[in-house]
Amino acid sequence: MPKFILIIGPQAVGKMTVGQELAKITEYKLFYNHMTIEMVRLIVDYDKKAYQRMNQLIRYEVFKEFAKSSEKGIIFTGCFDFGNDFEEEKQETDRWMSLFEESYVIELEASLEERLKRNKTNNRLEHKASKRDLEWSENDLIKSMTKHKLNSEAGEGEKIFKNYIKINNENLSAKEVATIIKERFDL
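Listed below in structure tokens is the structure:
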């Protein structure tokens, strides 16, 4: 049965890039959050309730089918709100994880200054069309810090998730972080 790897953290922390490197060294499939975001936003405005429902439905159905497959594992990336939306976020995450026998959560953190730099990288802009409007993307990144709590407090993540690690990847390459994850969880 495949394993489920969830990489969480605030925007532009490097979730997708770490996921890409982890996929290379584990042969797991990468399903990063913008794969559905970019598709659904072409059909429904981002701020509509229908957008959220469609996005959740598609993701859940992908996980459900993948969990039945003979693949080694799937890596998913996304933000997780430890603040106001915690109960809703946790419920959705638990729903995904319940489909798999083994699941792991990796939380990434880096400073705002570093994330603003990463917000402009070619890899990010190539894979995330909605981030190409750099002025909007930067403002959204900053605004989200006042609206959401996208990193946990010390010791909080371990209380919430069973197989969990928090990594400050400010001064680590994506390949180094992927290696830490692979070794920590014996993937």
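Numbers in the numbering used here are just positions in the sequence shown, counted from 1, shifted up by 18. Idealized CB from N, CA, C, for every residue including glycine. Please read all numbers here as calculations on a predicted model, not as lab measurements.
1) Over what stretch of residues does the alpha helix (DSSP H) that includes K165 continue unbroken?
2) What are the uninterrupted segments assigned as alpha helix (DSSP H) that are 4 or more residues long and contained completely in the segment 39–65, given in chain order?
3) Report yes if the C-beta distance between S148 and I55 is below 8 Å; otherwise report no.
4) Do I198 and Y122 have their C-beta atoms within less than 8 Å of each other?
5) Keeping to the same chain, check which residues put their C-beta closer than 6 Å to that of M163; ignore five residues upstream and five downstream.
6) Whole angstroms are fine: how far does the CA of A68 sit from the CA of V62?
7) So, E89 versus P20, is the Cβ gap smaller than 8 Å?
8) Please return the same chain residues whose Cβ sits closer than 8 Å to the Cβ of K42, not counting the five positions on each side in sequence.
Walking through what the data contain:
1) L152 to K165
2) 52–58
3) yes
4) no
5) none
6) 7 Å
7) yes
8) A196
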